[in-house]
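S.K.: Residue numbers (the working numbering): 107 to 204. Dropping the structure in here first, questions after.
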């Protein structure tokens with residue numbers, strides 16, 4: 107029996123800066139997980155992933171990450187993805203700088 111589909115977001119790393127980015131509904135990349143397109147259909151998720159993979163001049167390593175609907179947009183489900191939303195693990199740059 108197949109498992110039920112879990113909502114996803116498309117995530118990758120920006121090619122030039124290395125930042126974690128998320129694909130928006132409009133097809134742009136954002137550094138803010140809450141602005142990501144929450145995909146609730148498996149076939150749409152596969153199509154969006156293919157679209158992201160075609161953007162190899164912008165990002166590297168796109169993949170689908172589990173997410174849930176939150177009050178302000180998608181929220182990560184797994185620890186790894188929650189950790190990625192906070193940026194690099196050193197505090198001298200990136201999202202943690204401010």
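Ideal Cβ placement from N, Cα and C applies to all residues, glycine included. Bear in mind that the values here come from a model prediction, so they are computed numbers and not experimental data.
Looking at the structure shown, is residue 187 part of a helix, part of a strand, or coil, going by DSSP?
M.R.: Residue 187 falls in the helix class under three-state DSSP.
S.K.: Compare the beta carbon distance of residue 112 and residue 172 with 8 Å and say whether it is the shorter of the two.
M.R.: A contact, by the Cβ cut-off of 8 Å.
S.K.: The beta strand (DSSP E) that contains residue 117, what's its start and end?
M.R.: Here the beta strand (DSSP E) through residue 117 covers 114-120.
S.K.: On the DSSP bridge assignment, give the partners of residue 180 in chain order.
M.R.: Residue 180 is bridged to 175.
S.K.: Have a look at the DSSP bridge pairing and note the partners of residue 145.
M.R.: Paired residues: 114.
S.K.: On a Cα-Cα basis, can you pick out the residue from 189, 126, 170 and 187 that is closest to residue 147?
M.R.: Measuring from the Cα of residue 147, the nearest candidate turns out to be 170.
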